[in-house]
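Novice:
Residue numbers (the working numbering), protein chains in the order written: chain E, 15 to 242; chain Y, 14 to 419.
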């Protein structure tokens, strides 16, 4: 089942007098449960592409549909709400709220969704246990390693029961053991829970695990391969 | 909602030192403004009480036009009905007077003096005249004697038991002449008053000036100055304002009102400067907080937090600073104000002399009231809101991608 359809997506940035086509007429679609990596050299447009999917940036032309609904026309609080209900974000530098514990960081998203305290606490604990942090529920980010913080970020991304998770270079700041652990967790969640993951990455370890590899260059899709 | 308050509270303590400095600046501003205001308002209240109780009363009733043209020809008749209606106003006492400038003589010496015919008991209630008696006896209701101020007695060379000759102009131009035995000597702190005041009983004055039962003024005293608006309104309703004028002490002595207003304005300017300093302190804190958390704000918006909720959290943070600062300021200021309420600062030296000359007690009293506490709190809250809103616009202008990449 297709959950994301992208048609003729184009984004042009003005760099001084020069126009840079960050995305150049992209056509793509993603199925439910995909574990896809968008790869390419720096400046190829993969982060711009993820920003578009996440509703963080607007295309100059083209359209993105999620479950048949166009998100490119959404604005203001509707767009914020769309992100809250449909997308989980995992950032390169974790971006946890430093004054909240791991548990509270995960709960915050559900709080924004209006889920009651008992339910959100139960789900947050389950998610943190699922990412192997059941014993660090009350630790603040500063007391966690980079790998642990990124696992909290994954739990946070899952908390809202999103349609898909966008992970921008999620392993870039992690050592190999932490990266390996994180990828295993995400792959397990993908397989067991059928959660769709879309990565933007340079990391070969991510590429090796991804079942679909989309290669971008100069804002265009250079190749789109699915492993069998 | 509690979660957001918790988040705001924890955000505050990210930079403990900065928060403490900001709270302290608010605390000191509130403390100083409350103490300063307490002394300022206390001095005004004291000035008003001194003024009211030195002579004028809270308000006076005259014949229409007397204020602009005082004199016997503008004396008034106060009917028994009006008088009893006024006396029935709760918390009010009335001091009826007949007063005029006269010449006074003893042996070969003659001086000008202000003669006031009084109802001794009522006059004492209003002005505390009896306390000024230094020799002899105070007047009785139908006394035929005269009280002479001490300096005037010295100038005339008159003493207790001597007879004072009074010469003046009575009602409708008749001559007024009389001889009164000196029954008491009174002393005024003001040398100006002390060399010109004499008092006789009201019936004696009415006879001297051929006033029959007329008065030149009726000064109104109140048990509590808070009764003033209600008592004034009732009095104006009783009196026929086409024949009588009912004037407050502010209307009779606008120079004192102007003096208070001028001093109050300078005090408010000082407060304004204090508030400006606090406002810039808070403004700086908010600016730093907003800049520091720009990336985090971007992340929260990306995750699904609405910008107005972010703004709300920031306002809550600053209001917590405001509340702690205001509460702390009040907590420190109140015992001090209470202390000075019961132990006012006593002036010494020339300042004390000058105040005594005006008949004022040489003290710096304070005023304690919820009104200026409330206004200080509201001003600080408003400053916090304004100082928060200006940088908060940056939250609304925030571009998520730029903020996250920061």
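Each residue gets a CB set at the ideal place from its N, CA and C atoms; glycine is no exception. In this text, all values refer to a predicted model and were calculated from it rather than measured experimentally.
Measure how close the beta-carbons of residue 158 (chain E) and residue 166 (chain E) come, nearest whole angstrom, since I'm counting them as under 8 Å.
Specialist: Taking the first chain and counting its residues from 1, the one referred to as residue 158 (chain E) is at position 144. Taking the first chain and counting its residues from 1, the one referred to as residue 166 (chain E) is at position 152. The pair is a contact, with the Cβ atoms about 7 Å apart (cut-off 8 Å).
Novice: Going by DSSP in three states, residue 75 (chain Y) sits in which element: helix, strand or coil?
Specialist: Here residue 75 (chain Y) refers to the residue found at position 62 when the second chain is read from its first residue. Residue 75 (chain Y): strand per DSSP, three-state reduction.
Novice: Quick check: is the beta carbon of residue 301 (chain Y) nearer than 9 Å to any beta carbon in chain E?
Specialist: To locate residue 301 (chain Y), count along the second chain from 1; it is residue 288. No, because no Cβ of chain E sits closer than 9 Å to the Cβ of residue 301 (chain Y).
Novice: Which stretch, first to last residue, makes up the beta strand (DSSP E) that contains residue 75 (chain E)?
Specialist: Here residue 75 (chain E) refers to the residue found at position 61 of the first chain. Per DSSP, residue 75 (chain E) belongs to the beta strand (DSSP E) from 75-80.
Novice: Considering only DSSP beta bridges, list what residue 398 (chain Y) is partnered with.
Specialist: By one-based count along the second chain, residue 398 (chain Y) stands at place 385. According to DSSP, residue 398 (chain Y) bridges with nothing at all.
Novice: Hey, could you find the ends of the beta strand (DSSP E) residue 200 (chain Y) is sitting in?
Specialist: Translated into the one-based positions of the second chain, residue 200 (chain Y) becomes position 187. Neither: residue 200 (chain Y) is in no beta strand (DSSP E) and is coded neither H nor E.
Novice: Taking the straight line between their C-alpha atoms, what separation do you get for residue 204 (chain E) and residue 225 (chain E)?
Specialist: Residue 204 (chain E) sits at position 190 when you count from the first residue of the first chain. Residue 225 (chain E) sits at position 211 when you count from the first residue of the first chain. Taking C-alpha positions only, residue 204 (chain E) is separated from residue 225 (chain E) by approximately 11 Å.
Novice: Does the Cβ of residue 23 (chain E) have 16 or more other Cβ atoms within 10 Å, making it buried, or fewer, making it exposed?
Specialist: In the first chain, residue 23 (chain E) corresponds to position 9, counting from 1. Flag for residue 23 (chain E) reads buried.
Novice: Taking all protein chains shown into account, decide if residue 51 (chain Y) is buried (16 or more other Cβ within 10 angstroms of its Cβ) or exposed.
Specialist: As a position in the second chain, residue 51 (chain Y) is number 38, starting the count at 1. Buried is the call here.
Novice: Which residues does DSSP list as the beta-bridge partners of residue 102 (chain E)?
Specialist: Residue numbering aside, residue 102 (chain E) sits at position 88 when the first chain is read from its first letter. Bridge partners of residue 102 (chain E): E:179.
Novice: Below 9 Å between beta carbons: does that hold for residue 89 (chain Y) and residue 75 (chain Y)?
Specialist: Here residue 89 (chain Y) corresponds to residue number 76 of the second chain, with the count starting at 1. Here residue 75 (chain Y) corresponds to residue number 62 of the second chain, with the count starting at 1. Yes; because the gap between Cβ atoms is below 9 Å, this pair is in contact.
Novice: Tell me which residues share the same chain as residue 119 (chain Y) and place their Cβ nearer than 8 Å to its Cβ, disregarding the 5 neighbours each side in the sequence.
Specialist: Counted from its first residue, the second chain places residue 119 (chain Y) at position 106. Only 169, 170, 171, 175, 176, 177 and 178 meet the Cβ criterion.
Novice: Listed in chain order, which residues of the region 314-335 of chain Y have Cβ atoms closer than 9 Å to some Cβ of chain E?
Specialist: Against chain E - using a Cβ distance shorter than 9 Å - the residues of the region 314-335 of chain Y are 314, 315, 316, 317, 318, 319, 320, 321 and 322.
Novice: Could you check whether the region 374-389 of chain Y touches the region 43-58 of chain Y, counting it as contact only if at least three pairs of C-beta atoms, one from each stretch, sit closer than 8 Å?
Specialist: yes
Novice: Cα separation between residue 75 (chain E) and residue 25 (chain E)?
Specialist: The sequence position of residue 75 (chain E) within the first chain is 61, counting from 1. The sequence position of residue 25 (chain E) within the first chain is 11, counting from 1. So the alpha carbons of these two residues sit roughly 7 Å apart.
Novice: Is residue 133 (chain Y) closer than 9 Å to residue 114 (chain Y) when the C-beta atoms are compared?
Specialist: Position 101 of the second chain, counted from the first residue, corresponds to residue 114 (chain Y). Position 120 of the second chain, counted from the first residue, corresponds to residue 133 (chain Y). Result no, Cβ atoms of residue 114 (chain Y) and residue 133 (chain Y) do not sit closer than 9 Å.
Novice: Quick one: which chain Y residues come within Cβ less than 7 Å of residue 126 (chain E)?
Specialist: Numbered from 1 along the first chain, position 112 holds the residue referred to as residue 126 (chain E). In chain order: 317 and 318.
Novice: Report the rounded CA-to-CA distance for residue 9 (chain Y) versus residue 405 (chain Y), giving the unit in angstroms.
Specialist: Examination of residue 9 (chain Y) is not possible in this model, given that chain Y is present from 14 through 419 alone.
Novice: Which runs of the alpha helix (DSSP H), 4 residues or longer, sit entirely within the region 117-173 of chain Y?
Specialist: 133-140 and 163-169
Novice: Rounded to whole angstroms, what is the Cα-Cα separation between residue 277 (chain Y) and residue 271 (chain Y)?
Specialist: The residue given as residue 277 (chain Y) occupies position 264 in the second chain. The residue given as residue 271 (chain Y) occupies position 258 in the second chain. About 10 Å.
Novice: Since I believe residue 193 (chain Y) is in contact with residue 224 (chain Y) (beta carbons under 8 Å), could you give me their beta-carbon distance rounded to a whole number of angstroms?
Specialist: One-based indexing of the second chain puts residue 224 (chain Y) at position 211. One-based indexing of the second chain puts residue 193 (chain Y) at position 180. The pair is not a contact, with the Cβ atoms about 16 Å apart (cut-off 8 Å).
Novice: Which chain Y residues are close to residue 97 (chain E), counting only those with a beta carbon under 9 Å from its beta carbon?
Specialist: Start at 1 with the first residue of the first chain, and residue 97 (chain E) comes out as number 83. Per Cβ cutoff of 9 Å: 314, 315, 316 and 317.
Novice: Residue 261 (chain Y) by DSSP, collapsed to three states: which one?
Specialist: By one-based count along the second chain, residue 261 (chain Y) stands at place 248. Assigned with DSSP and collapsed to three states, residue 261 (chain Y) falls in strand.
Novice: Check whether the region 218-237 of chain E and the region 46-63 of chain E touch, using three or more Cβ-Cβ pairs below 8 Å as the test.
Specialist: yes
Novice: Whose C-beta lies closer than 6 Å to the C-beta of residue 330 (chain Y) among residues of the same chain, with five residues either side of it excluded?
Specialist: One-based indexing of the second chain puts residue 330 (chain Y) at position 317. So the list reads 21, 24 and 25, once near-sequence residues are dropped.
Novice: Counting contacts by CB-CB distance shorter than 9 Å, is residue 52 (chain E) in contact with chain Y?
Specialist: Looking up residue 52 (chain E) in the first chain gives position 38. With 9 Å as the cut-off, residue 52 (chain E) does not count as an interface residue toward chain Y.
Novice: Would you mind stating whether residue 70 (chain Y) and residue 258 (chain Y) have Cβ atoms separated by less than 9 Å?
Specialist: Here residue 70 (chain Y) is taken as the residue at index 57 of the second chain, counted from 1. Here residue 258 (chain Y) is taken as the residue at index 245 of the second chain, counted from 1. Not in contact: residue 70 (chain Y) and residue 258 (chain Y) (Cβ atoms no closer than 9 Å).
Novice: List the residues of chain E that residue 286 (chain Y) touches, going by C-beta distances under 9 Å, in chain order.
Specialist: Stepping through the second chain from its first residue, residue 286 (chain Y) is reached at position 273. Ordered by position in chain E, no residue passes the 9 Å Cβ test against residue 286 (chain Y), which lies about 35 Å from the chain.
Novice: So for residue 191 (chain Y), helix, strand or coil by DSSP?
Specialist: Translated into positions along the second chain, residue 191 (chain Y) becomes position 178. Here residue 191 (chain Y) sits in strand by DSSP.
Novice: Ignore the nearest five residues each way along the sequence and tell me which others in residue 117 (chain Y)'s own chain have a CB closer than 6 Å to its CB.
Specialist: On the second chain, position 104 is the one that residue 117 (chain Y) refers to. Excluding positions up to five away in sequence, the list reads 124, 126, 177 and 179.
Novice: With C-beta atoms as the reference, is residue 139 (chain Y) less than 9 Å away from residue 108 (chain Y)?
Specialist: Position 126 of the second chain, counted from the start, is the residue given in the question as residue 139 (chain Y). Position 95 of the second chain, counted from the start, is the residue given in the question as residue 108 (chain Y). Taking C-beta atoms as the reference points, residue 139 (chain Y) and residue 108 (chain Y) count as a pair closer than 9 Å.
Novice: Does the beta carbon of residue 28 (chain Y) come closer than 9 Å to any beta carbon on chain E?
Specialist: The residue given as residue 28 (chain Y) occupies position 15 in the second chain. No, residue 28 (chain Y) does not count as interfacial toward chain E.
Novice: Would you call the region 142-160 of chain Y and the region 206-214 of chain Y touching, i.e. three or more CB-CB distances under 8 Å?
Specialist: Yes, they touch.
Novice: Under DSSP, the alpha helix (DSSP H) around residue 217 (chain Y) begins and ends at which residues?
Specialist: Counted from its first residue, the second chain places residue 217 (chain Y) at position 204. Residue 217 (chain Y) -> alpha helix (DSSP H) spans 215-221.
Novice: Using the three-state DSSP reduction, which class does residue 32 (chain Y) fall into: helix, strand or coil?
Specialist: Taking the first residue of the second chain as 1, we reach residue 32 (chain Y) at position 19. Here residue 32 (chain Y) sits in helix by DSSP.
Novice: Using a Cβ-Cβ cut-off of less than 8 Å, list which residues of the region 402-414 of chain Y approach chain E; keep chain order.
Specialist: 413 and 414
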